[in-house]
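2 protein chains.
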Amino acid sequence: MTTGDTRKGDRTELLVREIRQAIIAGELKPGSTLRQEELARAYSTSRMPIREALRVLAGEGLVQLAPNRGAVVAPIDANELRENFEMREAAELLAMRLALPHLSNAHIDKAAALQDRIASAGLAEFGRLNKAFHITLYAPCERPRLLAHISSLHDVADRYMRFTLARLDYLVKSSDEHRAILDACYRRDTEAALQLTSLHILEAGKTLEHYLLEKASS
Amino acid sequence: MTTGDTRKGDRTELLVREIRQAIIAGELKPGSTLRQEELARAYSTSRMPIREALRVLAGEGLVQLAPNRGAVVAPIDANELRENFEMREAAELLAMRLALPHLSNAHIDKAAALQDRIASAGLAEFGRLNKAFHITLYAPCERPRLLAHISSLHDVADRYMRFTLARLDYLVKSSDEHRAILDACYRRDTEAALQLTSLHILEAGKTLEHYLLEKASS
DNA sequence: TACTCGTATCTTGGATCCAAGATGGAGTTT
DNA sequence: AAACTCCATCTTGGATCCAAGATACGAGTA
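Chains as they are written, first to last, in numbering that gives the first Met the number 0: chain A, 0 to 217; chain B, 0 to 217.
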């Protein structure tokens with residue numbers, strides 16, 4: 000569930016994080032089969048924690064399990080991409096709406112600082128920082144399940160962004176929209192903040208969908 | 000993730016289903032510790048599939064894992080109840096909105112048949128049938144991830160409903176609202192269907208919250 | 001009497017072992 | 001030549017074994 004829990008965590012939990020990152024980053028290619036023995040050797044452990052980790056990742060939709068036939072990295076799928084952004088819009092609007100009444104300038108400052116880092120970061124770091132930016136704005140809503148859900152959705156969105164090798168103009172446009180959202184937050188303009196967030200997410204989805212189809216036809 | 004996948008499934012998958020139901024039904028009490036050995040004996044298997052099942056259920060938020068300290072059934076929490084219904088509203092409105100353009104009379108008929116069964120069912124079956132009713136209406140949206148998400152949310156809502164021992168008038172009111180939603184669907188009145196669904200969910204949340212606080216103070 | 005430290009016991013987590021299902025190829029048959 | 005069957009091999013799934021962390025209890029001391 001991608002909880003924000005940062006405590007020590009057992010080995011399996013670490014493996015979940017590492018394999019999840021590997022899938023998001025595309026090091027583990029979509030559709031490739033994951034053999035337990037291989038992963039065990041790769042992460043120098045036994046098959047047992049790998050098995051548990053794969054089941055967790057299956058729950059997040061990043062791998063697909065078939066009984067007695069093993070696991071494959073979830074394939075890239077235009078429908079899933081669309082669905083992901085639709086769900087993100089619904090979930091993030093809710094979070095934004097609930098967070099806004101409790102959003103302090105300190106919070107917005109923190110998000111603004113993250114946006115500054117995004118501006119000077121590359122594609123590899125964009126997803127992580129982008130997620131942090133959004134979650135920071137939503138954090139005051141105090142809804143742990145909702146935030147975990149959003150975090151998980153961002154992970155798969157990040158995967159699609161890297162897969163499509165999103166262009167620079169995508170990052171620039173996104174940054175502009177971030178600044179507009181921050182501005183609306185500082186002004187405590189609820190309607191604008193919600194509207195801008197909605198557009199920000201939906202248009203990002205459209206753009207990535209476009210990139211994906213483009214890539215598929217080439 | 001509570002996929003609708005109904006294929007044979009390995010032992011672990013079956014265990015997940017059984018333990019999930021036991022938690023929802025309250026047979027496994029909130030806060031009680033789950034010892035692997037006990038569960039293994041109870042389901043006549045070894046600890047191994049139990050361990051995997053617990054991790055999956057942790058992902059769904061039905062159990063809480065603490066490294067080296069085992070698992071407990073997720074405690075009842077008024078905040079989580081509220082959050083659950085807020086998330087349901089957001090997710091189900093999205094599903095409804097996407098499904099309506101593709102909703103055939105056959106689909107609505109099927110949902111209506113489920114509603115008839117709900118009317119003559121008891122508290123124990125309400126949750127399952129209620130979930131089926133809603134999912135049936137949303138199914139034409141063709142969004143597997145979204146539907147799985149909604150299904151999972153319904154599971155924890157069901158748990159709270161049973162825990163609060165929801166009164167009969169709750170079930171009656173819910174049935175009336177179901178019929179109103181069906182009516183709006185037959186009329187293809189999009190606005191009304193969305194509005195009624197929103198109220199249906201939010202008021203159910205309020206009611207259960209009320210019951211829960213009542214129970215807590217007694 | 002209350003508090004602390006140490007030990008015995010319990011439970012989880014990881015590794016290994018074994019059985020069962022799936023895959024691939026060779027050989028046979030039509 | 002194509003297809004089917006049977007068998008060797010590979011991989012997963014479940015059980016058992018062992019180590020390490022956590023808990024509980026009791027002895028000893030202030």
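Where a beta carbon is used, it is the ideal one built from N, C-alpha and C, also for glycine.
Three or more Cβ pairs closer than 8 Å define a contact, and the region 128-147 of chain A meets that threshold against the region 75-84 of chain B. Flagged as an interface residue toward chain A: R144(B), by a C-beta distance shorter than 8 Å. Judged by DSSP in its simplified three-state form, L102(B) adopts coil rather than helix or strand. For the options S174(A), A111(A), R166(A) and E208(A), the alpha carbon positioned closest to that of C184(A) is the one of A111(A). The straight-line gap separating the alpha-carbon atoms of E202(B) and Q194(B) is approximately 12 Å. For L93(A), the closest Cβ of chain B is nearer than 8 Å. DSSP places L61(B) outside both helix and strand once states are collapsed to three, so it counts as coil.
For the region 68-87 of chain B, residues whose beta-carbon sits nearer than 9 Å to a beta-carbon of chain A comprise N78, E79, R81, E82, N83, E85 and M86. Residue contact with chain A for E51(B): present (Cβ-Cβ distance below 8 Å to some residue of chain A). Bounds of the beta strand (DSSP E) holding A70(B) are G69 to V72. Shown in chain order are the members of the region 34-60 of chain B whose Cβ falls below 7 Å from a Cβ of chain A: R50, E51, R54, V55, G58 and G60. A direct Cα-to-Cα measurement between I134(A) and R116(B) gives close to 42 Å. The criterion of a C-beta distance shorter than 8 Å is not satisfied by V155(B) and G25(B). For P139(A), there is no enclosing alpha helix (DSSP H), as DSSP gives it neither H nor E. Between L92(B) and C140(B) the beta-carbon gap is near 11 Å, outside 8 Å, which marks them as no contact. When C-alpha distances from L56(B) are compared across P66(B), A39(B) and V71(B), the shortest belongs to V71(B).
Of the residues assessed, L167(A) falls on the exposed side of the cut-off, its CB having fewer than 16 other CB atoms within 10 angstroms.
The C-alpha of P74(B) lies about 31 Å from the C-alpha of R127(A).
Within the region 190-204 of chain B, no residue has its Cβ closer than 7 Å to any Cβ of chain A. In chain order, I75, A77, L80, Y159, F162 and T163 place their CB closer than 8 Å to the CB of L211(A), counting only its own chain and leaving out the 5 sequence neighbours on each side. F132(A) and R19(A) have their C-alpha atoms some 20 Å from each other. At least one CB of chain B lies nearer than 8 Å to the CB of D9(A).
Counting C-beta atoms within 10 angstroms of its own C-beta, H101(A) has fewer than 16 neighbours from the protein chains shown and is therefore classed as exposed. Assigned with DSSP and collapsed to three states, T163(B) falls in coil, not helix or strand.
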